[in-house]
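First the structure, in the form of C-alpha cells, and then the observations on it.
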Amino acid sequence: MATVYVNDLPVDIGNEKLNCVQAAEKAGVLIPHYCYHPALSVVASCRMCLVEVGEKKPDGTISMMPKVVPGCQTPVKDGTVIVTRSDKAKDAQ
2 MATVYVNDLP VDIGNEKLNC VQAAEKAGVL IPHYCYHPAL SVVASCRMCL VEVGEKKPDG
62 TISMMPKVVP GCQTPVKDGT VIVTRSDKAK DAQ
C-alpha cells in the first residue's frame, strides 16, 4: 500500500491515482483551489494550490523540490511528502 505524508500526517492512498489536492483531502487538509475540479481536465492556471512537494527516501531522509508546484497538477506516489503550511507555500498561494 502506498503512503503519502501531508504536513507530517501519513495517508494511505492504496493504489489510487491522486494528485496533491486529493491526497490532502484524504488527510482532512484543505489545499485552496479555484480552477481545479476532478471532472475536468487540469488547467493549473489559478496557482492557488501551490504546495511544497518532496520524496521520503527509504533511509528516512526527505528530499524537497526547490520550487513550489501546483497541487492539482502534481501526482503523488508512495513516499510523496506534501507541505501546505510552510511560509514558502503560504506566500505563493
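Residue numbers (the numbering used here): 2 to 94.
Cβ atoms here follow ideal geometry from the backbone N, Cα and C, with glycine treated the same way.
Which residue marks the beginning of the alpha helix (DSSP H) containing residue 88, and which one marks its end? 88-93
Would DSSP call residue 69 helix, strand or coil? coil
Is the beta carbon of residue 21 sitting closer than 8 Å to the one on residue 72? yes
List the endpoints of the continuous alpha helix (DSSP H) containing residue 78. It is not in any alpha helix (DSSP H) - residue 78 carries neither H nor E in the DSSP assignment.
Would you please state the rounded distance, in angstroms, between the beta carbons of residue 30 and residue 7? I believe it to be under 8 Å. 5 Å
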